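Here is the structure we will look at.
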Amino acid sequence: LYLLRVISKAFNDVAVRRIGVDAVTLLDEFAENLLEELDYRQEARNIQDFQANFEGDPLVKIPGVYPELSSEKVLVMEWINGVRCTDLDKLDELGVPVADFIKVGVQSGMRQLLEFGLFHGDPHPGNVFAMPDGRIAYVDFGSVAELSTANKEALLDAVVHAVDQDFSEIARDMQRLGFIAEGTDMSPISKALEGMWSEAMGNNLADFNFRTVTTQFSRLVYSYPIRVPERFALVIRTLLTQEGICLTLDPDFKLLAVAYPYVAKRMLRDPLYSQRLPMVLLKKVPETRKPVFDFRRALQLVQVAATVAGRSPKALMSLGTTALDAVSLCWRKPYLALGLFRGMLRWGKAKFIALCSAVAGFMTRFLKARGASSQGS
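Have a look at this one:
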């Protein structure tokens with residue numbers, strides 16, 4: 045590693061031009077992760093953290109670890125009685141419904157990212173097992189990463205802005221997450237993101253495929269000053285791996301159909317995210333000093349929820365649960381509901397001001413035209 049670091053200094057300028065970061069920084073990140081993954085004492089601590097996070101969850105199994113029997117080079121942990129998560133025949137023998145297992149896997153992954161901020165960085169089929177009682181079990185916690193509260197908030201904002209196709213805001217979210225350096229001209233990146241999204245998504249958001257979006261995004265990384273931070277490289281790899289597992293189990297799997305209801309639930313139930321609803325549903329307009337309610341964005345979010353849910357009775361129940369969560373949030377936090385209601389009133393005021401301005405402008409042009417015609421005659 046020392047020799048590689050010495051050699052990499054010669055490629056710093058080339059790396060900065062090609063990928064926006066010097067070669068030494070890349071090598072340092074690689075070395076840090078490599079050494080952490082080889083330290084079994086750190087892995088034991090990771091397991092204990094995951095156990096604390098999923099304590100009481102009846103659908104997720106984190107193996108026990110024995111620190112007193114472990115060392116830097118030896119890790120002693122509980123045996124997991126399960127089958128490889130992609131073995132359809134074994135799942136069938138155990139009587140584990142594939143659709144339910146997929147839902148458990150996606151939601152446990154979403155909890156790691158959006159709730160705990162500590163996620164498994166290498167959830168390939170050899171590290172994920174299905175247990176006879178339908179639980180999902182994880183092993184190999186050598187590669188994990190953490191997201192700060194600010195990172196989780198920015199991630200959720202980026203999801204909302206992506207659904208709303210607000211590419212300028214997505215670029216700003218990327219800057220907050222460390223993908224884009226401060227002072228970078230965002231206009232060309234916003235336009236490139238819009239082109240990427242249109243090409244990757246097609247006409248139906250319900251058919252969202254993370255691998256397709258990632259492939260398109262990879263092209264942007266080499267064309268614009270975008271650098272993928274190490275922790276988010278792990279996030280991307282994790283999501284790609286999880287989506288691949290789900291597609292192996294069900295070729296018709298749609299990521300949004302399973303993940304979006306959970307994201308909506310977190311936004312409505314989690315105090316961290318529910319406090320951000322005004323930022324999501326209010327926007328600034330020139331007609332008023334304070335932000336107004338963004339009906340277009342709200343309807344877009346509802347439309348996406350309805351699209352990914354489908355029309356089955358189970359889907360309608362899921363939408364009903366989300367609606368009840370929204371009502372419950374308004375009951376628990378009336379000041380939040382009041383703020384949104386005031387935003388709606390300001391929206392009406394802004395529309396009235398815009399209408400009056402348009403009428404005044406029309407009358408001014410009309411009177412000028414009439415005066416000009418009178419002078420001409």
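Under the working numbering, the first residue of the sequence shown carries the number 45, and numbering increases by one thereafter. Think of the CB as a built atom: it goes at the ideal place given N, C-alpha and C, for glycine as much as any other residue. Bear in mind the structure is a predicted one, so any value in this text is a computation, not a measurement.
Local Cβ density within 10 Å of residue i, reported as buried at 16 or more and exposed below that
i, result
"Gly33", "Since the first residue of the chain shown is 45 and the last is 421, residue 33 is not available in this structure."
"Phe185", "buried"
"Ala416", "exposed"
"Ser152", "buried"
"Trp123", "exposed"
"Ile270", "buried"
"Thr193", "exposed"
"Leu299", "buried"
"Tyr317", "buried"
"Glu287", "buried"
"Ile51", "exposed"
"Met240", "buried"
"Tyr266", "exposed"
"Val324", "buried"
"Tyr304", "buried"
"Lys412", "exposed"
"Met471", "The structure shown does not extend to residue 471, since the chain is modelled only from 45 to 421, so the question has no answer here."
"Thr259", "exposed"
"Gly149", "buried"
"Gly387", "buried"
"Leu399", "exposed"
"Arg422", "One cannot answer for residue 422 here, as it falls past the ends of the chain, which runs 45 to 421."
"Val371", "exposed"
"Phe211", "buried"
"Gly364", "exposed"
"Arg310", "buried"
"Ala206", "buried"
Opposing strand residues paired with residue i [DSSP bridges]
i, result
"Tyr182", "Val172"
"Arg509", "The shown model of the chain, from 45 to 421, leaves out residue 509, and the question about it has no answer."
"Leu326", "Phe337"
"Met121", "Val109"
"Phe223", "DSSP lists no partner for Phe223."
"Leu162", "Glu190"
"Val104", "Ile180"
Residue from the options with nearest C-alpha to residue i
i, options, result
"Ala198", "Tyr84, Glu213 and Asp133", "Glu213"
"Glu87", "Tyr268, Phe163 and Leu368", "Phe163"
"Ala367", "Ile91, Leu345, Val204 and Arg386", "Leu345"
"Ile146", "Leu157, Cys129 and Arg409", "Cys129"
"Phe173", "Val142, Ala303 and Arg409", "Val142"
"Arg390", "Ala402, Arg155, Leu326 and Leu343", "Leu326"
"Phe94", "Gly405, Lys412, Leu200 and Glu190", "Glu190"
"Tyr306", "Thr285, Ala225 and Leu157", "Leu157"
"Pro167", "Ala342, Met154, Ala236 and Phe55", "Met154"
"Met230", "Asn171, Arg220, Ser242 and Arg216", "Arg216"
"Ser187", "Lys395, Gly364 and Glu274", "Glu274"
"Leu373", "Gln92, Gln319, Val403 and Arg340", "Gln319"
"Ala394", "Pro232, Phe339 and Met407", "Phe339"
"Gly423", "Ala181, Asn90, Asp57 and Arg85", "Because the chain in this structure spans residues 45 to 421, residue 423 falls outside the shown range and cannot be described."
"Ala202", "Val403, Pro232, Phe297 and Leu237", "Leu237"
"Asn253", "Ser234, Leu284, Ser262 and Lys235", "Leu284"
"Asn171", "Ala404, Gly165, Leu291 and Val183", "Val183"
7 Å Cβ cutoff, residue i in contact with chain B
i, result
"Glu122", "The question asks about chain B, but that chain is absent: this structure has only one protein chain."
Original post:
Where in the segment 186-215 do unbroken runs of the alpha helix (DSSP H), each at least 4 residues long, occur, reported from the N-terminal end onward?
Top reply: 193-208
Original post:
Given 8 Å as the limit, is there contact between the segment 278-285 and the segment 104-119, that is, 3 or more CB pairs closer than that?
Top reply: no
Original post:
Is the segment 98-109 touching the segment 254-273, taking contact as three or more C-beta pairs under 8 Å?
Top reply: no
Original post:
In the segment 232-311, which residue ranges form an unbroken alpha helix (DSSP H) of at least 4 residues, counting only runs that do not cross its ends?
Top reply: 254-265 and 274-293
**OP:** Evaluate the contact criterion for the segment 175-185 versus the segment 326-340: three or more CB pairs, one atom per stretch, below 8 Å.
**Re:** no
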